[in-house]
Amino acid sequence: MRFAGWEAILVLSKLSSRTALLLSLIVGLMLALVPTANALAFGPVGYHFTGRIDGKWAVQMELNVDGEKVSGHYWYETVGTPLELEGTFVGGRLQLAERTADGAATGSWSGAFNPLKSTWSGEWTSADGAKSSTFELARVAEIVTTEQTRMGFIKVHTAYPVFAGVARHGGLQDAQAAVDDEVWTAVASIWNDPADTFSEDEEFDPEAPWWTWEHFSVVTIRYYSSSLISMVNEVYQFTGGAHGMTLHTSMNLTVGKNGAIAFTIDEMFKKGTGWEKAIS
């Protein structure tokens, strides 16, 4: 039975004090068990950032945030060697420690982080604390992950960038279309391989090893700027047998407001293509 507020008070006033106390305890327990929005953990979500330390040292960074746990890596554009990142997201702040591949501490990052804003800024400090510099990074892409089952027996896992500002930029629209096409074409290849076409006469055997096929397609940004985006799609497929197969596909795009144009690495070395200054 449901009561309006004043009716509930009238009913409770007629109950014994012991019964009213017991009822209030039950109601309190029920309210405590009701989940609230604040109890939900943030993430998991991935980002690709670009920006500068001290206004001059250009860096690229990838971060994964899952609740309070943060991991990732970054690299200086002039060096290219990644430094590992690990830390926390607590109280609206990212606190990250950076290390080399062999575990040597090299510095730390700290700054307030609002996932709804397009930038992250704060302070970078050297491992010995002797040097500190401000930094400002722009979130240029979110790394979106999906998991699905295709045809009832193929487990498909994807991770790929969704670029920020696509709606207002023709070049980024082309870049996004190239990424989407690359990812889903690779996914479809697991059952569209002409050398492995399904036959209409194929008998269904749920116990057969090939009913545990799996596909992974992971696109990572290797370089991002307003005029050039370079990415790699790493694909792993398992269709039975002793082991799966891994392959890599590169995507390199010159980007402008009106569109993007794909190019291959060998084109950079051809005379007259305009790349001489960039690679010299």
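Offset between the sequence shown (1-based) and our numbering: plus 3.
Here a beta-carbon is modelled for each residue, glycine too, at the ideal position from N, C-alpha and C.
For clarity, every value in this text was computed on a predicted model and none was experimentally measured.
For serine 233, the closest C-alpha among the options Thr109, Ala61 and Pro164 is that of Pro164. Contact check for serine 113 and glutamate 126: beta-carbon distance about 6 Å, within the 8 Å limit, so the pair qualifies. Distance from the CA of histidine 172 to the CA of glycine 262, rounded to the nearest whole angstrom, comes to 8 Å. Cβ-Cβ distances below 8 Å link histidine 76 to Met64, Glu65, Pro85, Leu86, Glu87 and Leu88 in the same chain, with the five nearest sequence neighbours on each side left out; the list follows chain order.
Relative to lysine 158, the option among Trp214, Gly70 and His251 whose CA is nearest is Trp214. Contact annotation: threonine 53 and glutamate 71 have beta-carbon atoms that are not nearer than 7 Å.
Short of 7 Å from the beta carbon of glycine 168, and not among the five residues preceding or following it, lie these beta carbons of its own chain, in chain order: Leu175. Each of Gly46, Asp57 and Gly155 was checked against the Cα of valine 68, and the nearest Cα belongs to Gly46. Relative to glycine 83, the option among Thr149, Arg225 and Phe272 whose CA is nearest is Arg225. A check of alpha carbon separations from serine 111 across His160, Thr122, Leu97 and Pro118 identifies Leu97 as the nearest.
For the set Glu217, Leu256, Met254 and Val258, the Cα lying nearest the Cα of phenylalanine 241 is the one of Glu217.
In the displayed model, phenylalanine 272 falls within a helix according to three-state DSSP. Contact check for alanine 108 against glycine 95 fails: the beta carbons are separated by 7 Å or more. By the neighbour-count criterion, in which a residue is buried when 16 or more other Cβ atoms sit within 10 angstroms of its Cβ, threonine 161 is buried. For aspartate 69, the enclosing beta strand (DSSP E) has its first and last residue at 60–69.
If the five residues before and after aspartate 208 are omitted, its C-beta is found closer than 7 Å to no C-beta atom of its own chain.
Nearest Cα to threonine 223 within the set Leu140, Asn236 and Ser230: Asn236. Each residue's CA atom was taken as its position, placing threonine 152 and phenylalanine 219 some 12 Å apart. Histidine 51 is a Cβ neighbour of valine 143, given a cutoff of 7 Å.
Annotation for asparagine 236: the continuous beta strand (DSSP E) segment containing it runs 231–241. In the displayed model, glycine 114 falls within a strand according to three-state DSSP.
DSSP places valine 82 outside any beta strand (DSSP E), giving it a letter other than H or E. Here aspartate 105 is exposed, its C-beta having fewer than 16 other C-beta atoms within 10 Å.
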